[in-house]
Amino acid sequence: EGVYATVGVHPHDAHVFDKNVELQLKSLASRSKVVAVGETGLDYYRNLSPHEVQQDVYRKHLRLAHELNLPVVIHSRDAWQDVISILDEEGRPPKGAVMHCIPAEPRFVEAAVDRGCYLGIAGPVTFQNAGKLRQVATVVPLERLLVETDAPYLSPHPLRGRRNEPSYLRIILSVLAQVRGLTPEELANRTTANALRAFNMR
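Put into structure tokens, the structure is as follows:
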């Protein structure tokens, strides 16, 4: 009853996106328990799909979010300038955008905040070498901050290397609360309210 979904084609799989997939995506995204389109976006780190193909599929997801009046969940890895540029060209969906699992890139965070996006912090913020990401996490406006796991990937320290799961969210939340100077309970309340607002669930 309390489970909701987002639907999209990850940039790694953009090369399999065709008209049939597009129709299936639209059908799924129209269901009542689907709260957003995505994750979509660009990933230039692994390059499992050509950049121009990723860009085209990203645009199609943004257009679908506009058409269905849904927010969009965006993935960006080593591609933040193109992610922002295409978002500007297509226009941020009226229901908003979530930048998922943000990188330690202050310029990306600034650009996303300027466009009214929500920003998700995941397990890497707990890593011992993640000082830059923790610094970035301090400048995200509290009203735009989300906490996420990216399960089954990116398990937080000290569980790094294991399969990630939703219950590990409390570990990420605890570290992030310390970084932000809040109690875990305070941060949980704020980020839960943000998530409900980001996905138009309140």
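Residue numbers (our numbering): 4 to 205.
C-beta: ideal position from N, C-alpha, C; glycine also.
| DSSP on Gly-134, reduced to helix/strand/coil? | Along the sequence shown, one-based indexing puts residue 134 at 131. Looking at Gly-134 - three-state DSSP - the assignment turns out to be helix.
| field | Glu-42 in three-state terms, based on DSSP | value | Residue numbering aside, residue 42 sits at position 39 when the sequence shown is read from its first letter. DSSP places Glu-42 in strand when its eight states are reduced to three.
| Looking at C-beta atoms only, is the number of pairs between the stretch 165-185 and the stretch 11-22 that lie closer than 8 Å three or more? | Touching, no.
| message | To the nearest angstrom, how far is the alpha carbon of Asp-21 from that of Lys-29? | response | Locating residue 21 in the sequence shown gives position 18, where the first residue counts as 1. Locating residue 29 in the sequence shown gives position 26, where the first residue counts as 1. So the alpha carbons of these two residues sit roughly 12 Å apart.
| Under 8 Å, do Thr-43 and Ile-77 count as touching if we go by C-beta distance? | Counted from its first residue, the sequence shown places residue 43 at position 40. Counted from its first residue, the sequence shown places residue 77 at position 74. Cβ atoms of Thr-43 and Ile-77: closer than 8 Å.
| field | Inside the stretch 55-82 only - beta strand (DSSP E) runs reaching at least 3 residues | value | DSSP runs (the beta strand (DSSP E)) wholly in the stretch 55-82: 75-80.
| said: I'd like to confirm the pairing. Which residues does DSSP put opposite Val-150 in its beta bridges? | reply: Within the sequence shown, the letter at position 147 stands for residue 150. Paired residues: Ile-124.
| task | Can you grab the Cα-Cα spacing for the pair Ile-124 / Pro-96, in whole Å? | result | The sequence position of residue 124 within the sequence shown is 121, counting from 1. The sequence position of residue 96 within the sequence shown is 93, counting from 1. Their Cα atoms are separated by approximately 21 Å.
| Distance CB(Ala-32)-CB(Leu-73) smaller than 8 Å | Your numbering for residue 32 matches position 29 in the sequence shown. Your numbering for residue 73 matches position 70 in the sequence shown. Yes, these two residues count as a Cβ contact at 8 Å.
| message | For Arg-62 and Trp-83, I'd like the C-alpha separation in whole angstroms. | response | For the purposes of this step, residue 62 is identified with residue 59 of the sequence shown, where counting begins at 1. For the purposes of this step, residue 83 is identified with residue 80 of the sequence shown, where counting begins at 1. Whole-angstrom Cα-Cα distance: 15 Å.
| field | Sequence-distant residues of the same chain with beta carbon closer than 6 Å to Arg-49, five excluded per side | value | In the sequence shown, the residue the question calls residue 49 occupies position 46. Taken in chain order, the list of residues that qualify is empty.
| Nearest-angstrom Cβ-Cβ length linking Gln-58 and Leu-45, presumed shorter than 8 Å | In the sequence shown, residue 58 corresponds to position 55, counting from 1. In the sequence shown, residue 45 corresponds to position 42, counting from 1. About 7 Å; that satisfies the 8 Å criterion.
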